[in-house]
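Residue numbers (this note's numbering): 44 to 245.
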């Protein structure tokens, strides 16, 4: 990018803060990223210079040598996948990359698309191989209730998890109930999305 002006740099991690045009983004990417990093005991540093660019540094606590309890914790409590293919639809690149990296780490296969139209086309091409659809509620093009209904036309039994921020929570809950989908409120932890996947896969 071109760098972040000093007068707004303190606001960039706030939910729904965005410098994009209306309809071009929800402003939840950095907020979601910060929530996930904090859930793992870490923090994010921002270094920005207008006209040159911005660098984000993510710091996470290092594992202690010989600390086998973390492996025991993952084995006991973390819901791991077994190679199931998950299709992630989100216009926020940071969220797509975060979900892909996290889900692959925990045993899932992952495909991503940057909007609902691409996701719908991908699902129509091979609905049998895609076990779960993780769908951002607000995206350019086909989105929201309309997108969920079109996905249901392809496969009435499709397993769908809707993601949204607090501003659309009530609407998404209603759509999820109507269409038998699950929902997650951003920002969410990796454990939350793994638990949601475990539940929809049964």
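Just so it is clear, CB atoms sit at the ideal spot from N, CA and C, and this is done for glycine as well.
Checklist line | Per DSSP, the bridge partner or partners of residue 203 | finding: Position 160 of the chain shown, counting from 1, holds the residue named residue 203. In the DSSP output, where bridge partners are listed per residue, residue 203 has 176.
Notebook entry, point to check: If we count the other Cβ atoms within 10 Å of its Cβ and call it buried at 16 or more, is residue 211 buried or exposed?
Noted result: Along the chain shown, read from residue 1 onward, the residue named residue 211 stands at position 168. Flag for residue 211 reads buried.
Next item on the list: Put residue 152 into one of helix, strand or coil per three-state DSSP.
Entry: As a position in the chain shown, residue 152 is number 109, starting the count at 1. Assignment of residue 152 by DSSP, reduced to helix, strand and coil, places it in the strand class.
Next item on the list: Using the Cα positions of residue 179 and residue 185, report the straight-line distance between them to the nearest angstrom.
Entry: Counting from 1 along the chain shown, the entry for residue 179 is found at position 136. Counting from 1 along the chain shown, the entry for residue 185 is found at position 142. Rounded to whole angstroms, residue 179 to residue 185 spans 11 Å at the Cα level.
Checklist line | Straight-line Cα distance separating residue 198 from residue 173 | finding: Indexing the chain shown from 1 puts residue 173 at position 130. Indexing the chain shown from 1 puts residue 198 at position 155. Residue 173 and residue 198: Cα-Cα distance of roughly 10 Å.
Notebook entry, point to check: Within the chosen definition, does the region 149 to 156 reach the region 79 to 93 through at least 3 CB pairs nearer than 8 Å?
Noted result: No, the region 149 to 156 does not touch the region 79 to 93.
Next item on the list: Express the C-alpha separation of residue 159 and residue 195 in angstroms, rounding to a whole number.
Entry: Against the chain shown, residue 195 aligns to sequence position 152. Against the chain shown, residue 159 aligns to sequence position 116. For residue 195 and residue 159, the distance between alpha carbons rounds to 13 Å.
Note to self: Spatial neighbours of residue 166 within its chain, please: C-beta separation below 8 Å, excluding the five flanking residues on both sides.
What the structure shows: Here residue 166 refers to the residue found at position 123 of the chain shown. Around residue 166: 130, 173, 176, 194, 197, 198 and 201.
Next item on the list: Round the Cβ separation of residue 191 and residue 222 to the nearest angstrom and send it over; I've been treating them as touching at under 8 Å.
Entry: Counting from one through the chain shown, the residue named residue 191 turns up at place 148. Counting from one through the chain shown, the residue named residue 222 turns up at place 179. A Cβ-Cβ separation of about 5 Å places residue 191 in contact with residue 222 under the 8 Å criterion.
Next item on the list: Write down every uninterrupted run of the alpha helix (DSSP H) in the region 191 to 244 whose length is 4 residues or greater and which is fully enclosed by it, in chain order.
Entry: As for any alpha helix (DSSP H) of minimum length 4 sitting wholly inside the region 191 to 244, the runs are 212 to 222 and 233 to 244, ordered along the chain.
Margin query: What does the alpha-carbon distance come out to for the pair residue 127 and residue 50?
Written below: Residue numbering aside, residue 127 sits at position 84 when the chain shown is read from its first letter. Residue numbering aside, residue 50 sits at position 7 when the chain shown is read from its first letter. Straight-line Cα distance between these residues: approximately 45 Å.
Notebook entry, point to check: Does DSSP put residue 93 in a helix, in a strand, or in coil?
Noted result: Here residue 93 corresponds to residue number 50 of the chain shown, with the count starting at 1. Three-state DSSP puts residue 93 in coil, outside helix and strand.
Margin query: Suppose you measure from the CA of residue 237 to the CA of residue 150; what does that come to, to the nearest Å?
Written below: Taking the first residue of the chain shown as position 1, residue 237 is located at position 194. Taking the first residue of the chain shown as position 1, residue 150 is located at position 107. Their backbone Cα atoms lie some 10 Å apart in a straight line.
Checklist line | Distance, residue 215 Cα to residue 226 Cα | finding: Residue numbering aside, residue 226 sits at position 183 when the chain shown is read from its first letter. Residue numbering aside, residue 215 sits at position 172 when the chain shown is read from its first letter. Spanning the two alpha carbons is a distance of roughly 7 Å.
Check: Can you tell me the Cα-Cα spacing of residue 68 and residue 135, whole angstroms?
Finding: Start at 1 with the first residue of the chain shown, and residue 68 comes out as number 25. Start at 1 with the first residue of the chain shown, and residue 135 comes out as number 92. With a pLDDT of only 49 at residue 68, under 50, the local geometry of the prediction cannot be trusted, and the value read off the model is given with reservation. Distance between the alpha carbons of residue 68 and residue 135: 7 Å.
Note to self: Tell me which residues share the same chain as residue 66 and place their Cβ nearer than 6 Å to its Cβ, disregarding the 5 neighbours each side in the sequence.
What the structure shows: Working through the chain shown from its first residue, we reach residue 66 at position 23. A caution first: residue 66 carries a pLDDT of 44, below 50, which makes its placement in the model unreliable, though a value can still be read off. Result list for residue 66: empty, nothing under 6 Å.
Margin query: Can you look up residue 132 in the DSSP assignment and give me helix, strand or coil?
Written below: Translated into the one-based positions of the chain shown, residue 132 becomes position 89. The three-state reading of DSSP puts residue 132 in strand, counting E and B together.
Note to self: Please state whether the Cβ-Cβ distance between residue 87 and residue 231 is less than 9 Å.
What the structure shows: Here the question's residue 87 lines up with position 44 in the chain shown. Here the question's residue 231 lines up with position 188 in the chain shown. For residue 87 and residue 231, no; Cβs fall outside 9 Å.
Note to self: My output table needs one value for residue 56: the three-state DSSP class, helix, strand or coil.
What the structure shows: As a working mapping, residue 56 is identified with position 13 in the chain shown. The answer is coil: DSSP assigns residue 56 none of H, G, I, E or B.
Note to self: What does the alpha-carbon distance come out to for the pair residue 245 and residue 55?
What the structure shows: Here residue 245 refers to the residue found at position 202 when the chain shown is read from its first residue. Here residue 55 refers to the residue found at position 12 when the chain shown is read from its first residue. Note on geometry: alpha-carbon atoms of residue 245 and residue 55 lie some 38 Å from one another.
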